[in-house]
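In the working numbering, the protein residues as written are 5 to 203. Every residue gets a Cβ at the ideal spot worked out from N, C-alpha and C, and that includes glycine. For reference, the structure is listed below as structure tokens.
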């Protein structure tokens with residue numbers, strides 16, 4: 005069907021509608037009533053169209069406000085994550101990792117205190133804290149000192165605790181014999197911590 009035929013058909017429908025209206029509204033009063041009815045119908049249609057679009061706009065505004073709130077939360081979390089990452093990097097920088105392993109480090113401390121090799125032993129223990137959720141990795145060794153004076157023990161503990169790398173002493177156990185009151189046997193655990201790489 006071409007455009008000309010469609011236009012002709014619409015014109016004929018309009019003419020037919022006019023004829024029907026004129027036959028129905030033979031008086032001036034009927035014409036006014038039909039015109040008023042047409043205006044009321046147009047106003048109602050316009051009202052419903054405006055309501056539909058205003059409700060749609062209101063829903064979109066609510067959704068936009070909710071998305072803006074979510075965006076602010078994400079930005080806050082992102083800023084907190086960046087701050088935490090920066091803090092972790094600073095802490096990792098403060099805790100310097102020694103080039104040598106923990107056993108060699110402790111052996112140097114003990115030999116510097118003129119402790120004979122036969123009077124101490126250092127045994128590696130399993131690495132702990134390797135769980136993915138942990139922020140650090142803990143490596144520990146058990147140290148046993150034999151026939152050592154209390155002054156030497158205090159010096160050794162001081163050097164371990166004030167070493168540049170972060171070392172922690174735990175499980176300290178001191179035993180002495182009555183006949184040898186000036187010397188004691190000591191067992192302790194020394195641990196070092198390395199922060200895991202922050203992604």
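C-alpha distance - residue i paired with residue j, whole-angstrom precision
{"i": "residue 102", "j": "residue 159", "result": "Caution is warranted here: a pLDDT of 47 is assigned to residue 102, below 50, making its placement in the model unreliable, and no coordinate value can be reported."}
{"i": "residue 105", "j": "residue 69", "result": "56 Å"}
{"i": "residue 67", "j": "residue 92", "result": "37 Å"}
{"i": "residue 73", "j": "residue 79", "result": "10 Å"}
{"i": "residue 118", "j": "residue 165", "result": "19 Å"}
{"i": "residue 163", "j": "residue 86", "result": "36 Å"}
{"i": "residue 13", "j": "residue 22", "result": "14 Å"}
{"i": "residue 161", "j": "residue 77", "result": "48 Å"}
{"i": "residue 43", "j": "residue 54", "result": "16 Å"}
{"i": "residue 51", "j": "residue 64", "result": "20 Å"}
{"i": "residue 59", "j": "residue 75", "result": "24 Å"}
{"i": "residue 121", "j": "residue 94", "result": "38 Å"}
{"i": "residue 49", "j": "residue 8", "result": "30 Å"}
{"i": "residue 47", "j": "residue 83", "result": "53 Å"}
{"i": "residue 34", "j": "residue 16", "result": "24 Å"}
{"i": "residue 196", "j": "residue 174", "result": "11 Å"}
Range covered by the beta strand (DSSP E) that runs through residue i
{"i": "residue 176", "result": "171–180"}
Residue i, enclosing alpha helix (DSSP H) - first and last residue
{"i": "residue 117", "result": "Note, residue 117: premise wrong, no alpha helix (DSSP H); not H, not E."}
{"i": "residue 163", "result": "154–165"}
Contact under 9 Å by Cβ, residue i with residue j
{"i": "residue 151", "j": "residue 194", "result": "no"}
{"i": "residue 149", "j": "residue 123", "result": "yes"}
{"i": "residue 186", "j": "residue 144", "result": "no"}
{"i": "residue 191", "j": "residue 156", "result": "no"}
{"i": "residue 115", "j": "residue 126", "result": "no"}
{"i": "residue 128", "j": "residue 113", "result": "no"}
In DSSP terms, what residue i is bridged to
{"i": "residue 124", "result": "149"}
{"i": "residue 191", "result": "148 and 177"}
{"i": "residue 129", "result": "144"}
{"i": "residue 196", "result": "143 and 171"}
Neighbour-count burial assignment, residue i, 16 or more Cβ in a 10 Å radius
{"i": "residue 10", "result": "exposed"}
{"i": "residue 179", "result": "exposed"}
{"i": "residue 38", "result": "exposed"}
{"i": "residue 20", "result": "exposed"}
{"i": "residue 171", "result": "buried"}
{"i": "residue 61", "result": "exposed"}
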